[in-house]
Amino acid sequence: MNQPVRILIPKALENSLSRRTFLGGTAALGIGAFLAACSKPSGGGSSSSGGLNIYTWGEYDDPAVLKDFTSAKGPAITLDSYGSNPEMIAKLSAAKGTSGYDICVPTHSSIQQMATGGLLTELDHTKLPNMKNLNAKVVNTPFDPGNKYSVCKDWGSTGYVYDTTVIKRNLTSWADFLDAAQKEASGSMSLLEDQGEVAFTYFYANGIDPNTTDPAHIDAYRSFILDKIAPHVQAFESSTNNSISSSARTLIHCWNGDARLGILANPEPDRYKWVWPSEGANLWQDNWAIVKGAPHEDAAYEFINYVLDPTVSLKELTYIGYNTGIQGIEEAARKADIKRPDMVFISDQIMSKLIYSQMTSMDGKIIAIYDELKAAAGK
Numbered sequence: 011m012n013q014p015v016r017i018l019i020p021k022a023l024e025n026s027l028s029r030r031t032f033l034g035g036t037a038a039l040g041i042g043a044f045l046a047a048c049s050k051p052s053g054g055g056s057s058s059s060g061g062l063n064i065y066t067w068g069e070y071d072d073p074a075v076l077k078d079f080t081s082a083k084g085p086a087i088t089l090d091s092y093g094s095n096p097e098m099i100a101k102l103s104a105a106k107g108t109s110g111y112d113i114c115v116p117t118h119s120s121i122q123q124m125a126t127g128g129l130l131t132e133l134d135h136t137k138l139p140n141m142k143n144l145n146a147k148v149v150n151t152p153f154d155p156g157n158k159y160s161v162c163k164d165w166g167s168t169g170y171v172y173d174t175t176v177i178k179r180n181l182t183s184w185a186d187f188l189d190a191a192q193k194e195a196s197g198s199m200s201l202l203e204d205q206g207e208v209a210f211t212y213f214y215a216n217g218i219d220p221n222t223t224d225p226a227h228i229d230a231y232r233s234f235i236l237d238k239i240a241p242h243v244q245a246f247e248s249s250t251n252n253s254i255s256s257s258a259r260t261l262i263h264c265w266n267g268d269a270r271l272g273i274l275a276n277p278e279p280d281r282y283k284w285v286w287p288s289e290g291a292n293l294w295q296d297n298w299a300i301v302k303g304a305p306h307e308d309a310a311y312e313f314i315n316y317v318l319d320p321t322v323s324l325k326e327l328t329y330i331g332y333n334t335g336i337q338g339i340e341e342a343a344r345k346a347d348i349k350r351p352d353m354v355f356i357s358d359q360i361m362s363k364l365i366y367s368q369m370t371s372m373d374g375k376i377i378a379i380y381d382e383l384k385a386a387a388g389k
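Numbering (my numbering), first residue to last: 11 to 389.
Have a look at this one:
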């Protein structure tokens, strides 16, 4: 008998599933309990045959939603996880349309690269009637005009949390973050396992365009991050909610949804303070996309349309802690009395300072600096 959901975890990700990892909601039961709960399909009508293979960030969907989809629509779902956009792109590129995946979830800055590289299917919007439910702010975006290749899954931003039992002063900015990293949090701080996000901490703190291509800015960033920050770094993390929930570190660079889940799971939820940095931050949007050569394309359309239903979307938001971009979702979430809505929904004041990250000619150098940083960390 087919399982409605199978989870495949790459060896490299076993200890750090992704930036949006397995925590919260049903996942609090643990991976074994979840798989046991999903070991049998619950039947129901089927409008698609075969399966559905989704290549995504580790455990980035409400398990109950996945199970409900299989129950209602039929296709058994297989999830395979990656830890970064480059990892996902490299695998799809190597497969040349034969990966077996139906859906992937690229971040906004990767959409055009993937489209140009022939990795994504041009979408037939007539098969996605629930796109009408999306807020105007997340459609027809600069990175995918007309939603030719992608549909918003959710979006968020970046900041940090700090342990108020150790850091007694009030931190409000990226400048504060970098200062505390060298002082109270030395040896007990983590940076995101994301080359761009680490660079942004320096650029924002110094009033530099985060998408800068100025060689002088890049060189200054390299000198600072290697000389001033590297000695104090304890870890690099794709997933931060476990560290937050277990009070593992004093200062943690993180995405807002991960931070929220970690704080809610901490026995002392008031111990950590979340900061929307005053200088601004990266604005990212993750997106549903259909892989070129998808073996179950009809099921892929059906699934994407299914999760764009407002009721289903609210379940997803409650689980993952990110705004799903559906019209009226904030009002629905607040009416449902979700916890810490302040960490899900971004105020207009904060939004005015957020900037979409872009792929630039300096990406290769930013990646190289990050590799140097990892090699020098803690030394």
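Even glycine gets a Cβ: it sits at the ideal position worked out from N, Cα and C.
How far does the alpha helix (DSSP H) with residue i in it reach, from first residue to last?
{"i": "S255", "result": "251-255"}
{"i": "T131", "result": "Unbroken run through T131: none, as it is neither H nor E."}
{"i": "M7", "result": "Absent from the model: residue 7. The displayed extent of the chain is 11 to 389, so no value can be given."}
{"i": "Y380", "result": "373-386"}
Compare the C-alpha of residue i against each of the options and name the closest.
{"i": "N95", "options": "A74, L89, W67, G110", "result": "W67"}
{"i": "Y311", "options": "A191, G93, Q123, W298", "result": "W298"}
{"i": "M361", "options": "G93, D268, G166", "result": "G166"}
{"i": "N216", "options": "P287, E203, R259", "result": "P287"}
{"i": "D186", "options": "Q205, T223, I262", "result": "I262"}
{"i": "D296", "options": "A385, G388, S367, A105", "result": "S367"}
{"i": "I273", "options": "A146, P351, K137, K193", "result": "P351"}
{"i": "V75", "options": "D319, K283, L236, K142", "result": "D319"}
{"i": "S256", "options": "F234, K238, D280", "result": "D280"}
{"i": "M369", "options": "I121, G127, A195, G110", "result": "I121"}
{"i": "K147", "options": "I300, Q337, D373", "result": "Q337"}
{"i": "G290", "options": "Y214, L130, D358", "result": "Y214"}
{"i": "I239", "options": "A190, L271, G206, D229", "result": "A190"}
{"i": "S371", "options": "L144, D224, I218", "result": "D224"}
For residue i, I'd like the list of residues in its chain whose CB is within less than 8 Å of its CB, leaving aside the five on either flank, ordered along the chain.
{"i": "G42", "result": "Caution is warranted here: a pLDDT of 30 is assigned to G42, below 50, making its placement in the model unreliable, and the coordinate value is therefore given only provisionally. The answer is none, since no qualifying residue turns up."}
With distances taken between CB atoms, is the gap from residue i to residue j smaller than 9 Å?
{"i": "D390", "j": "H118", "result": "Residue 390 lies beyond the residue range present for the chain, which begins at 11 and ends at 389; the question has no answer from this structure."}
{"i": "V149", "j": "C162", "result": "yes"}
{"i": "N333", "j": "I365", "result": "no"}
{"i": "N276", "j": "G169", "result": "no"}
{"i": "V354", "j": "V171", "result": "no"}
{"i": "D173", "j": "Y92", "result": "no"}
{"i": "L181", "j": "I300", "result": "no"}
{"i": "L324", "j": "A304", "result": "no"}
With a threshold of 8 Å, establish whether the CB of residue i neighbours any heavy atom of the ligand COA.
{"i": "I365", "result": "Ligands are entirely absent from the displayed structure, and the ligand COA is therefore not among its contents."}
With a threshold of 7 Å on Cβ separation, who are the neighbours of residue i within its own chain once the five nearest residues in sequence on each side are excluded?
{"i": "L201", "result": "V208, V243, F246, H263"}
{"i": "E132", "result": "K158, Y159"}
{"i": "S56", "result": "Confidence at S56 is low in this model, with a pLDDT of 35, below 50, so the placement of that residue is unreliable and no value is reported for it."}
So the beta strand (DSSP E) residue i belongs to, where does it begin and stop?
{"i": "A86", "result": "86-92"}
{"i": "L202", "result": "199-202"}
{"i": "Y366", "result": "364-366"}
{"i": "T66", "result": "61-67"}
Starting from the C-beta of residue i, find all residues in its chain whose C-beta is less than 6 Å away, skip the five residues before and the five after it, and write them out in chain order.
{"i": "A125", "result": "Y159"}
{"i": "D373", "result": "none"}
Practice task
Any chance you could list the beta strand (DSSP E) runs of at least 3 consecutive residues sitting entirely within the stretch 247-321, in chain order?
Solution key: 261-265, 282-285, 291-300
Problem - Runs of alpha helix (DSSP H) wholly within the stretch 142-216 (minimum 4 residues, chain order) - result: 184-192, 205-215
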